[in-house]
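Reading through the structure tokens given below for one structure.
Protein chains in written order, with this note's numbering: chain A, 18 to 273; chain B, 10 to 852.
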């Protein structure tokens, strides 16, 4: 049954299960009076083949949501699914496999292993799995990201923008179910940001990649198909086909 | 953020604990050694004191030796005193008692085996006078007949002997005899004499057994109460024949005490050398830890400089940290050292050396030395890193700079390292040729420091080569481990340096041992022609063995060899006496000048080539010699033979030997066989069954036993060096832990992109194995060179062959890799357990 659903997703995304979803997800830190509700009953679905941005002020729980969805953190209650796989049901080895094979990560900084070259960083998840590299896909990625001439360089020999592009290539190399990007352009100048975001956009449009991006930047969010707004650990709104202006407007509304 | 701070603190605590451990072990060793030897010293002092507590005077022969080292030896190296002296002394007014006594070798046999060590099997004439003797009867009665013996309580308890039982006793001058136990004795309140067994006979029997009829070894005198001791001593001296002296009981006690403490100071020096080796290895670990943490704290230290800390303040703060660490570690080591001494004492007890239950002696000196050494080593090791800390530019606080060594400092390192290393080698070579042991030690230390400084230069390429098989075998984790070992060559090299020192010493000893072993075989091959070799305790065995062996059918020539101390040109030497009839059939003297057996038969001296050249002696030289029992005389050098440690440096004929030593015991009997004779070995063996302490070996067996005794000594040295290896491993654990904490973020990232815990462990382990192998390879190279140099310098002392034990060296390499693996287990587990979220959140 599940396989059939999986098969259907290849042809008809609209009817298929979402790439990831959270059901009544809560996460609290501390005890008693000092309790902090980082997530407070979040219900959200991230659609397959879509680019979703998650926005919200600092402390709204957007990073916690991402960590729980990716199996990096365990929720206090509620359920999180990647595809049809429930995160809670997995042990550490299962979670590791899930991250390696089904999820791609792009962090704000420190994305690359300093002792490995750019090329080795890109293929790291494949090498860790002991799998074969899909060479045409690899060539396409490094070409599209403009890092083909940087493959033998170490991270310390690359600019911040180049490092983030290498990280993107690594996130995509296994064609994961879902990519989580946590403020991927937070440390980049505007032109590097634009290049990176365009690439993410293209990978959704052209290769049906599913991406969830946590961001502060309304211009970044404008690259997404949909924006989910979080505040105080709750989903407080969302916006389809956003523009920078409409995002700012929505944020003002929520903030005010 | 609080989580991160706690982690940082924990990291620091762990680092301090691990670094301190390197010092704790060394200080424990130092303290244990000092406490143990002080305790032994005190124990023997009180033992000797109580033995001579009531003895006013002792009468004994003068010793003709200028320097008597042999105060502890039972034969006393003094002439016996005629029995008539006793009567004369008794008549001196003021003398209450004067009792002569004799001592000799008498070893009990229990269950067919000799009890204890032949060197500490004391036979003596029992003196029932409670005032003069410390031997106390606790059961039965004194021996009064020729077949009665009294036994120490320790032996009686251990082997279940009771009064009235029969016991066989091994003796020097006659075949073993059976006695009836008349009583059980203690020495003072102890069950035996510091481990020595006691066999007491009545005076006449003892004189007979120890071949001293009509003579005494010593006469103990008790003064009447109120006697003027000074006057009395003079009065006694007046009745003594020439060559006999009277000394106070206190003098004898003092002589014995100082002889004991001389022997113990040798033991404590030997143990302290190993303690210092492990401290030296610990110094590398401390240096490395402080280097790494100064590097990690670059920003913090630079910030301190920005807010106004002076260079001097920074320097002091780093050294202060080292001093506090050293002090804490020394205090712990001091406490553990006392426990270690207790353990060692118990261990001695297990070997039958029962010490009186005296409490441990803890001198103030022990604490001072232990703390000075512990703090000193720590602070000195931290000077280098502290200097690096003060060179940090304040601006470093603002930039994200890693500890990267520039070209200039690398070049300076190569220059300084080469100079220090070469100076060390020069000192070492000079020390070995001179020979000066202090120079050898200083040279070795300098050489190791030089090698430690140069190691980073080769660390990157060598780690790369050593890591390649791991990368191929383990895939990505192996490759990452290899990369990690290469990313900071200085760290890898400094961590490996500690193991390098340990392995260099181990392999040097292995080379030395293999060379010794090979030399021993060739010594036996070149010196002994006899088919059978009869050996027993080092102190010799019964005179009756040789005649009996010669009567066994098929036995050809039997050669008996004796050994005893004498003085040649004022220096104490060891003299060997051999029976000369048919000597060439049992011994190959390899004469290079003069004659061999005929010269011996003519009462002339043979010397070896080494002695001849060192003392400028040639055939025909007349040399002055002195014997304990016969005094000064001269002897002609009749021949020179090729040096062979098995034979010794000075050989005379048995007739000459026997005329200068009273009742010497043979130390070896050699037997050749007649052509066609069969089962001779079995016949000798059957005959020797009655002597549980004597055995027969073929030449091959003898070679093997020589080699196995060398291996035993090697084993002891390995055990003592193991501590240094352990300290080196602590260094590896320490570095890996620091690296794991330093790379928290990176580990988190690797886990986030799908590295399994098993793979994390494999990565850390690979790095550890590479570090260990790197240290081992350099250590083996240096150690082998060192061992060959040692062996070559000992050519005169009998290492004629140099052998490199390749199998052992490869074994050490494998062992090092395994130890590296073991060292990685904790850091690897820690890295694998890292909380992924916390790791990627950490900054």
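Yeah, the Cβ is synthetic: ideal placement off N, Cα and C, and Gly gets one too.
Note down, in chain order, every chain B residue with its Cβ under 9 Å from the Cβ of residue i.
{"i": "residue 192 of chain A", "result": "By Cβ distance, chain B contributes nothing, its closest Cβ being about 14 Å from residue 192 of chain A, past 9 Å."}
{"i": "residue 117 of chain A", "result": "762, 763, 764 and 765"}
For residue i, does the three-state DSSP call read helix, strand or coil?
{"i": "residue 103 of chain A", "result": "strand"}
{"i": "residue 6 of chain B", "result": "The question about residue 6 of chain B has no answer here: the residues shown for chain B are numbered 10 through 852."}
{"i": "residue 564 of chain B", "result": "strand"}
{"i": "residue 655 of chain B", "result": "coil"}
{"i": "residue 764 of chain B", "result": "coil"}
{"i": "residue 606 of chain B", "result": "helix"}
{"i": "residue 255 of chain B", "result": "strand"}
{"i": "residue 433 of chain B", "result": "helix"}
{"i": "residue 286 of chain B", "result": "helix"}
{"i": "residue 140 of chain B", "result": "coil"}
{"i": "residue 199 of chain B", "result": "strand"}
{"i": "residue 207 of chain A", "result": "helix"}
{"i": "residue 294 of chain B", "result": "helix"}
{"i": "residue 142 of chain A", "result": "helix"}
{"i": "residue 552 of chain B", "result": "coil"}
{"i": "residue 175 of chain B", "result": "strand"}
{"i": "residue 190 of chain A", "result": "coil"}
{"i": "residue 89 of chain A", "result": "coil"}
{"i": "residue 665 of chain B", "result": "helix"}
{"i": "residue 483 of chain B", "result": "helix"}
Could you name the residues of chain A that residue i contacts, counting a contact when the two beta carbons are closer than 8 Å?
{"i": "residue 501 of chain B", "result": "Near residue 501 of chain B there are no residues of chain A at all, since even the closest Cβ is about 13 Å away, more than 8 Å."}
{"i": "residue 492 of chain B", "result": "132 and 133"}
{"i": "residue 755 of chain B", "result": "127, 130 and 131"}
{"i": "residue 806 of chain B", "result": "Simply none; closest approach about 52 Å."}
{"i": "residue 496 of chain B", "result": "131 and 132"}
Based on DSSP bridge pairs, tell me the residues matched to residue i.
{"i": "residue 108 of chain B", "result": "B:229"}
{"i": "residue 135 of chain B", "result": "According to DSSP, residue 135 of chain B bridges with nothing at all."}
{"i": "residue 633 of chain B", "result": "B:643"}
{"i": "residue 817 of chain B", "result": "Residue 817 of chain B pairs with nothing; no bridge assigned."}
{"i": "residue 149 of chain B", "result": "B:192"}
{"i": "residue 44 of chain A", "result": "A:56"}
Would a check of beta-carbon distances place residue i closer than 8 Å to chain C?
{"i": "residue 779 of chain B", "result": "You won't find chain C in this structure, because its protein chains are A and B."}
Could you give the distance in angstroms between the alpha-carbon of residue i and the alpha-carbon of residue j?
{"i": "residue 497 of chain B", "j": "residue 193 of chain A", "result": "35 Å"}
{"i": "residue 315 of chain B", "j": "residue 307 of chain B", "result": "12 Å"}
{"i": "residue 277 of chain B", "j": "residue 43 of chain B", "result": "7 Å"}
{"i": "residue 22 of chain A", "j": "residue 68 of chain A", "result": "Note that residue 22 of chain A scores a pLDDT of 40, beneath 50, so its modelled location is shaky; the value from the coordinates is reported in the next line. One C-alpha to the other measures close to 21 Å."}
{"i": "residue 79 of chain A", "j": "residue 39 of chain B", "result": "59 Å"}
{"i": "residue 600 of chain B", "j": "residue 811 of chain B", "result": "24 Å"}
{"i": "residue 873 of chain B", "j": "residue 722 of chain B", "result": "Since the first residue of chain B shown is 10 and the last is 852, residue 873 of chain B is not available in this structure."}
{"i": "residue 242 of chain B", "j": "residue 255 of chain B", "result": "7 Å"}
{"i": "residue 226 of chain B", "j": "residue 88 of chain B", "result": "7 Å"}
{"i": "residue 855 of chain B", "j": "residue 369 of chain B", "result": "Nothing can be reported for residue 855 of chain B: it is not among the residues displayed for chain B, which extend from 10 to 852."}
{"i": "residue 78 of chain B", "j": "residue 268 of chain B", "result": "At residue 78 of chain B, the pLDDT of 46 sits below 50, so the modelled position is not reliable; the number obtained from the coordinates is stated separately. So the alpha carbons of these two residues sit roughly 7 Å apart."}
{"i": "residue 84 of chain B", "j": "residue 788 of chain B", "result": "Confidence in residue 84 of chain B is poor, its pLDDT being 45 and thus under 50, which makes the residue's placement too unreliable to answer from."}
{"i": "residue 218 of chain B", "j": "residue 183 of chain B", "result": "8 Å"}
{"i": "residue 485 of chain B", "j": "residue 141 of chain A", "result": "8 Å"}
Find the residues of chain A that neighbour residue i, judging by a C-beta separation of less than 9 Å, and give them in chain order.
{"i": "residue 758 of chain B", "result": "122, 124, 127, 128, 129 and 130"}
Going along chain A, which residues have a C-beta under 7 Å from residue i?
{"i": "residue 849 of chain B", "result": "124"}
Just to make sure I have the definition right: I need the residues of chain B whose C-beta is within less than 7 Å of the C-beta of residue i. Which are they?
{"i": "residue 38 of chain A", "result": "Near residue 38 of chain A there are no residues of chain B at all, since even the closest Cβ is about 21 Å away, more than 7 Å."}
{"i": "residue 274 of chain A", "result": "Absent from the structure is residue 274 of chain A, since the part of chain A shown begins at 18 and ends at 273."}
Please tell me whether, using a cut-off of 7 Å, the distance from the CB of residue i to the nearest non-hydrogen atom of the ligand SAH is below it.
{"i": "residue 789 of chain B", "result": "Looking at this structure, you won't find the ligand SAH or any other ligand, since it has none at all."}
Show which residues of chain B have a CB atom less than 8 Å away from the CB atom of residue i.
{"i": "residue 89 of chain A", "result": "761, 845, 846 and 849"}
{"i": "residue 224 of chain A", "result": "Going along chain B, no residue has its Cβ under 8 Å from residue 224 of chain A, so there is no contact; the nearest lies around 20 Å."}
Which residues, taken in chain order from the stretch 808-825 of chain B, show a beta carbon closer than 8 Å to some beta carbon of chain A? none
What residues in the stretch 144-175 of chain B bring their beta carbon closer than 9 Å to a beta carbon of chain A? Listed by position, the residues of the stretch 144-175 of chain B near chain A (Cβ gap below 9 Å) amount to none.
Please identify, using Cβ separations under 8 Å, the residues of the stretch 97-113 of chain A that lie next to chain B, in order along the chain. Look at the stretch 97-113 of chain A: the residues with a C-beta under 8 Å from a C-beta of chain B are 109, 110 and 113.
The stretch 419-443 of chain B: which residues have C-beta closer than 8 Å to a C-beta of chain A, in chain order? none
What residues from the stretch 196-216 of chain A come within 8 Å of chain B, judged by C-beta to C-beta, listed N to C? none
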